[in-house]
Amino acid sequence: MTKGPSKTASALKRQWPLALLLVLLFTALAWAYLAPGPAAVGLAAQVDASLTASGVSSRVTAVLLNFRAYDTLLECFVIFLGVMVVWSLRPTTVTAPRQPQAGAILSSLERLLVPLMVLVAGYLLWAGSNQAGGAFQAGAILGGAGVLLLLDSSPLLARLPKGGLVWGICLGPFYFLVVAVAAMLRGRHFLEYRAPEATLAIVTLEATAAFSIGLCLATLFAGRQPQGKSRGENSAHSPAWEEDS
Amino acid sequence: MVVNAFDICLCLTLAWLAWQVLRSHDLFKAVVLFISFGMLMALSWVRLQAPDLALAEAAIGSGLTGALFLSALQRVTGNKRGERRLDRNEERHDKRA
Amino acid sequence: MTMLSPSLIYGLTGLLLFVMGLAGLLGCAELLRKILATNIMASGIFLFLITIAHGSGTLIDPVPQAMVLTGIVVSVSSTAVALALACHVQEAARRHDLLQKKRGTVRR
Amino acid sequence: MTNPALHSSAWLIWPVAAPLTGALLTFLFKDHSRRLGLFFAALSSGLGTALAWQILGHGPAHYALGGWQPPLGIALRADGPAALMVMMTAITGLAVSIYSGGYFQSRRRNSKHHALHSAQEHAFWSLWLLLWAALNGLFLSNDIFNIYVSLELVTLSSVGLTALSGKPPSLVAAMRYLLVSLLGSLSFLLGVGFFYKAYGTLALTAIINSLSLSPPTSMALALISIGLLLKSALFPFHFWLPPAHANALTPVSAILSGLVIKGSWYLFYRFWHVELIFTAVGLVPAILGGAAIIWGAWQAFAQQRLKMLVAYSTVAQIGYLFVAFPLLAETSGQGHGALFYFAISHSCAKGAMFLAAGTFFLQMGHDRIRDLAGVRQLLPVSSFAFGLAALTIMGLPPSGGFIAKYLYINTAINQGLWWLALLILLGSGLSAAYIFRAVSAILSPQLLRIRPALVVSASMQWSALTLALISLLLGIIAPLPLALLEVS
Numbered sequence: 001m002t003k004g005p006s007k008t009a010s011a012l013k014r015q016w017p018l019a020l021l022l023v024l025l026f027t028a029l030a031w032a033y034l035a036p037g038p039a040a041v042g043l044a045a046q047v048d049a050s051l052t053a054s055g056v057s058s059r060v061t062a063v064l065l066n067f068r069a070y071d072t073l074l075e076c077f078v079i080f081l082g083v084m085v086v087w088s089l090r091p092t093t094v095t096a097p098r099q100p101q102a103g104a105i106l107s108s109l110e111r112l113l114v115p116l117m118v119l120v121a122g123y124l125l126w127a128g129s130n131q132a133g134g135a136f137q138a139g140a141i142l143g144g145a146g147v148l149l150l151l152d153s154s155p156l157l158a159r160l161p162k163g164g165l166v167w168g169i170c171l172g173p174f175y176f177l178v179v180a181v182a183a184m185l186r187g188r189h190f191l192e193y194r195a196p197e198a199t200l201a202i203v204t205l206e207a208t209a210a211f212s213i214g215l216c217l218a219t220l221f222a223g224r225q226p227q228g229k230s231r232g233e234n235s236a237h238s239p240a241w242e243e244d245s
Numbered sequence: 246m247v248v249n250a251f252d253i254c255l256c257l258t259l260a261w262l263a264w265q266v267l268r269s270h271d272l273f274k275a276v277v278l279f280i281s282f283g284m285l286m287a288l289s290w291v292r293l294q295a296p297d298l299a300l301a302e303a304a305i306g307s308g309l310t311g312a313l314f315l316s317a318l319q320r321v322t323g324n325k326r327g328e329r330r331l332d333r334n335e336e337r338h339d340k341r342a
Numbered sequence: 343m344t345m346l347s348p349s350l351i352y353g354l355t356g357l358l359l360f361v362m363g364l365a366g367l368l369g370c371a372e373l374l375r376k377i378l379a380t381n382i383m384a385s386g387i388f389l390f391l392i393t394i395a396h397g398s399g400t401l402i403d404p405v406p407q408a409m410v411l412t413g414i415v416v417s418v419s420s421t422a423v424a425l426a427l428a429c430h431v432q433e434a435a436r437r438h439d440l441l442q443k444k445r446g447t448v449r450r
Numbered sequence: 451m452t453n454p455a456l457h458s459s460a461w462l463i464w465p466v467a468a469p470l471t472g473a474l475l476t477f478l479f480k481d482h483s484r485r486l487g488l489f490f491a492a493l494s495s496g497l498g499t500a501l502a503w504q505i506l507g508h509g510p511a512h513y514a515l516g517g518w519q520p521p522l523g524i525a526l527r528a529d530g531p532a533a534l535m536v537m538m539t540a541i542t543g544l545a546v547s548i549y550s551g552g553y554f555q556s557r558r559r560n561s562k563h564h565a566l567h568s569a570q571e572h573a574f575w576s577l578w579l580l581l582w583a584a585l586n587g588l589f590l591s592n593d594i595f596n597i598y599v600s601l602e603l604v605t606l607s608s609v610g611l612t613a614l615s616g617k618p619p620s621l622v623a624a625m626r627y628l629l630v631s632l633l634g635s636l637s638f639l640l641g642v643g644f645f646y647k648a649y650g651t652l653a654l655t656a657i658i659n660s661l662s663l664s665p666p667t668s669m670a671l672a673l674i675s676i677g678l679l680l681k682s683a684l685f686p687f688h689f690w691l692p693p694a695h696a697n698a699l700t701p702v703s704a705i706l707s708g709l710v711i712k713g714s715w716y717l718f719y720r721f722w723h724v725e726l727i728f729t730a731v732g733l734v735p736a737i738l739g740g741a742a743i744i745w746g747a748w749q750a751f752a753q754q755r756l757k758m759l760v761a762y763s764t765v766a767q768i769g770y771l772f773v774a775f776p777l778l779a780e781t782s783g784q785g786h787g788a789l790f791y792f793a794i795s796h797s798c799a800k801g802a803m804f805l806a807a808g809t810f811f812l813q814m815g816h817d818r819i820r821d822l823a824g825v826r827q828l829l830p831v832s833s834f835a836f837g838l839a840a841l842t843i844m845g846l847p848p849s850g851g852f853i854a855k856y857l858y859i860n861t862a863i864n865q866g867l868w869w870l871a872l873l874i875l876l877g878s879g880l881s882a883a884y885i886f887r888a889v890s891a892i893l894s895p896q897l898l899r900i901r902p903a904l905v906v907s908a909s910m911q912w913s914a915l916t917l918a919l920i921s922l923l924l925g926i927i928a929p930l931p932l933a934l935l936e937v938s
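Chains as they are written, first to last, in our numbering: chain A, 1 to 245; chain B, 246 to 342; chain C, 343 to 450; chain D, 451 to 938.
As structure tokens, this is what we get:
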């Protein structure tokens with residue numbers, strides 16, 4: 001691996017102090033990686049031991065949606081938060097809704113691809129409980145389908161009521177919270193579910209999460225809040241920041 | 246598992262692509278290179294026996310992130326074009342005045 | 343070089359990508375390039391985490407893999423925010439420039 | 451768990467779950483976002499206080515989420531310091547929420563851009579509640595990867611809040627803040643990877659208890675520390691803070707300065723709370739902290755705008771939060787007491803100061819210190835609040851800041867760290883200098899030439915005053931927070 005540092009150095013000719021620093025950093029990192037230290041066995045054995053109680057047979061899914069479901073709960077909120085922040089950025093400009101050139105190829109491609117992508121997403125979701133696949137992959141594929149629809153400025157998304165979009169985005173995190181608190185109401189811990197009923201909980205969680213993640217990703221791609229009629233009104237006010245604190 | 250030429254090639258290509266992303270003059274080219282970087286990253290994860298992750302990386306890390314970058318790029322450069330047009334209009338206006 | 347295992351090579355590549363991304367983040371001027379650089383850093387870390395899953399035993403540890411899956415979604419979310427913000431910043435800068443230009447012509 | 455003194459308590463999850471629910475609901479029901487926001491702010495505040503009460507009465511607690519014990523699952527853990535931080539968030543958060551209710555109302559009433567201000571307020575409530583949940587999650591989590599996810603939540607929501615005002619300077623500041631913060635998060639994540647490789651667990655207490663310095667673990671610790679220092683804006687990394695804090699909307703400035711900074715600082719404390727590290731590099735944060743105290747005070751003195759002055763004062767005060775790390779090394783508890791006392795009184799005082807400064811801004815239309823003379827007649831309550839908060843920032847008795855600085859100096863002298871005691875005295879003198887500049891303008895007896903109509907609401911003035919009074923009260927009820935801190 002002598003190649004790395006020298007590359008870093010060669011390309012940053014004008015900033016050699018920075019390059020030197022980074023070469024040093026890489027050396028330190030590599031040294032720390034290769035040097036002897038405490039080496040642990042990891043949690044593979046423990047995951048296997050508890051796999052039957054988790055309700056799914058895929059180990060990664062078990063970790064994501066049962067053992068460490070709290071991380072996934074927060075993660076659903078991270079992507080929801082992304083949409084929230086992007087929407088809260090005020091449209092300060094009058095330019096730039098993209099002008100998509102919907103060609104005939106794209107249209108026919110879309111007619112073919114979008115249903116196929118929805119099918120694939122469904123399959124991934126179903127497969128996730130025992131092999132490769134799961135909510136995030138399915139959500140990503142759904143998001144991809146949404147992006148295709150947006151590229152074509154398909155009337156489908158425009159016709160979607162705005163309230164519906166907001167509810168759809170909130171559905172995943174909201175259902176996660178409901179499942180978590182419902183477990184507490186039954187005298188268990190937050191987010192506690194065990195086989196056999198865990199399977200149902202995990203499958204529904206994955207489905208709602210995939211749906212919301214897909215919607216969020218497509219919304220992030222769209223870049224701004226769909227505003228319908230109120231948009232003209234908002235952009236007319238663009239220099240408002242000049243007057244207030 | 247032992248190291249084979251494939252692994253080494255893959256790693257070198259990854260590093261080279263990352264480098265090109267950072268130094269290519271054209272931002273559009275950088276984004277396209279980044280997308281291919283993501284795809285190769287997914288390939289290396291398949292090699293490391295993590296097909297779930299490879300799928301997620303190909304779909305989200307490379308595909309959707311790439312789409313996000315392309316649309317942002319379009320917005321920025323589109324504006325630049327708009328600006329140029331605006332400048333020209335202004336110039337014309339000034340001349341007339 | 344028989345002692346080298348694939349995970350070792352990929353781990354080192356991950357660290358290298360981290361450092362290269364850092365170079366881009368600190369050294370490049372354009373916002374979009376900086377955001378690309380953070381994505382490269384993140385990819386490097388994910389690669390590193392996946393090699394940890396191979397660790398010492400024969401079993402593959404699913405916990406780092408789950409961490410990477412979570413990390414990918416977090417990273418796409420922050421990238422989207424960063425890109426949206428960058429577009430707004432550039433638009434604001436452009437408006438500012440135009441304003442200055444206009445003022446300049448008036449004064450002339 | 452290994453420690454039998456820990457008891458399991460479901461109270462731990464509610465300070466996180468309640469604001470999360472609130473964020474979703476305020477996002478969904480746009481027309482009721484203020485009422486819902488205030489309700490959930492009160493609820494979260496009450497639940498945070500209840501948790502602190504619980505910990506004070508029953509000792510430290512833990513809670514295995516999903517019923518899975520670590521290392522397989524994620525556990526929450528609340529000891530004295532964590533409960534104190536949650537409590538601090540509850541108090542400052544509630545005051546800021548009440549202020550925000552009046553703030554957005556006043557702004558809308560005095561502007562013709564109704565739609566715009568409504569949109570801003572709507573976004574504010576959901577972002578703020580999510581930030582609150584993430585901060586509580588950060589204070590209570592005992593799992594380093596979960597802490598990473600919470601850190602990202604904190605980052606993204608603070609960036610969203612910073613950019614909310616929409617002014618170009620605040621957009622630029624938010625962008626810079628986001629990039630710095632992302633760098634910090636990524637550095638933290640790489641450190642998490644190194645730790646997991648070494649110890650095979652993500653449970654923070656387990657890692658800290660078995661910590662031994664070897665190349666991989668030192669690297670993990672270094673990466674995590676640098677990431678957290680970037681996020682807490684300690685001296686060489688402070689460059690992003692003043693523009694971000696000074697250009698944000700007023701409630702946002704108070705939240706960022708009073709609470710968000712403390713999140714990453716608290717994590718730094720948790721990672722560094724090992725004697726092992728002090729012997730190695732314990733002086734590094736202290737030296738950086740000392741530089742921050744002097745540089746921040748110097749810059750604050752040079753500012754012309756009140757909010758900028760308060761923001762640079764935060765840079766200086768962050769120095770105090772780190773300068774005391776050598777004090778943690780030996781003594782039983784006084785060092786911790788000093789550190790945390792400083793954190794909570796700074797949170798209240800700085801919050802009150804920003805809230806009062808924002809009230810001046812809204813009323814006068816500017817915050818140039820020179821031209822603020824006479825504002826006292828127009829806004830007596832806010833001016834009084836600013837003055838009271840200034841007492842704490844300067845560290846005069848009987849404020850909470852005084853207790854903190856007294857504990858600092860006392861501990862430093864006990865340990866023979868004379869330079870540290872002198873540094874803290876010097877810092878107090880410098881802060882008195884810049885604070886005096888602001889206070890003398892605000893409280894000057896000069897008469898206003900024109901007397902504009904009052905545009906700010908009473909709730910804005912009184913919430914700032916309450917917060918300032920609490921920062922003062924902390925000097926009088928010192929035994930209570932210190933008793934909570936002892937629980938561990």
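Even for Gly, the Cβ is constructed at its ideal location relative to N, Cα and C.
How many angstroms separate the CA atom of Q252/B from the CA atom of P348/C?
-> Note that residue 252/B is Asp in the sequence shown here, rather than Gln. Using only the alpha carbons, I get a separation of about 7 Å.
To the nearest angstrom, how far is it from the Cα of L257/B to the Cα of I351/C?
-> 10 Å
The beta strand (DSSP E) spanning Y513/D covers which residue range?
-> 511 to 514
Interface residues of the segment 506 to 527 of chain D facing chain A [CB-CB below 8 Å] = Y513, A514, L515, G516, G517, W518, P521, L522, G523, I524
Step through the CB atoms of chain A and report whether any lies within less than 8 Å of the CB of I305/B.
-> yes
Could you please give me the residues that DSSP links to A525/D through a beta bridge?
-> A514/D
For a contact meaning CB atoms closer than 9 Å, what does L629/D contact in chain C?
-> L367, L373, K376, I377, T380, A424
Whose Cβ in chain B lies nearer than 7 Å to the Cβ of L217/A?
-> L309
Would you mind working out which of V773/D, N596/D, P531/D, L654/D sits nearest W503/D, comparing C-alpha positions?
-> P531/D
State the DSSP-derived secondary structure class of A491/D, mapped to helix, strand or coil.
-> helix
For H567/D, the residue or residues it bridges with in DSSP | None; H567/D has no bridge partner.
Closer than 9 Å by beta-carbon distance: list the chain B residues that pair up with S420/C, in chain order.
-> Simply none; closest approach about 11 Å.
Which chain B residues are close to L359/C, counting only those with a beta carbon under 8 Å from its beta carbon?
-> L259, A260, A263
Would you say the segment 754 to 764 of chain D touches the segment 855 to 874 of chain D, given that touching needs at least three Cβ pairs under 8 Å?
-> no
In three-state terms, what does DSSP make of R111/A?
-> helix
Beta carbon of G487/D nearer than 8 Å to that of T499/D = no
State the Cα-Cα distance for the pair A53/A and A69/A, rounded to the nearest angstrom.
-> 14 Å
6 Å Cβ shell around L601/D - same chain, five flanking residues per side excluded | S635
Kindly list the residues whose CB is nearer than 7 Å to the CB of S395/D, restricted to its own chain and excluding five residues on each side of it in sequence; keep chain order.
-> Within the shown structure, residues of chain D are numbered from 451 to 938, placing residue 395/D beyond reach of any answer.
At a Cβ threshold of 8 Å, is P929/D touching chain A?
-> no
Taking only beta-carbon positions, decide if A672/D is within less than 8 Å of chain C.
-> no
Measure the alpha-carbon distance for L148/A versus L25/A and round it to whole angstroms.
-> 42 Å
Inter-residue CB distance, I141/A and L124/A (contact presumed, cutoff 8 Å) = 7 Å
Check whether the Cβ of V47/A lies closer than 8 Å to any Cβ atom in chain B.
-> no
Cβ of A301/B less than 8 Å from any chain C Cβ?
-> yes
Would the beta-carbon of S591/D fall within 8 Å of that of A540/D?
-> no
Compute the Euclidean distance between the alpha carbons of F595/D and D71/A, then round it to the nearest angstrom.
-> 8 Å
Quick one: Cα of A317/B to Cα of V702/D, how far?
-> 27 Å
Keeping to the same chain, check which residues put their C-beta closer than 6 Å to that of Y175/A; ignore five residues upstream and five downstream.
-> T208
Buried versus exposed, by CB contacts within 10 Å (16 or more), L898/D | exposed
From what residue to what residue does the alpha helix (DSSP H) around R264/A run?
-> Chain A is shown only over 1 to 245; residue 264/A falls outside these bounds and no answer can be derived.
Going by DSSP, which residues form a beta bridge with H984/D?
-> What the structure shows of chain D is the stretch from 451 to 938, and residue 984/D is not part of that stretch, so it cannot be assessed.
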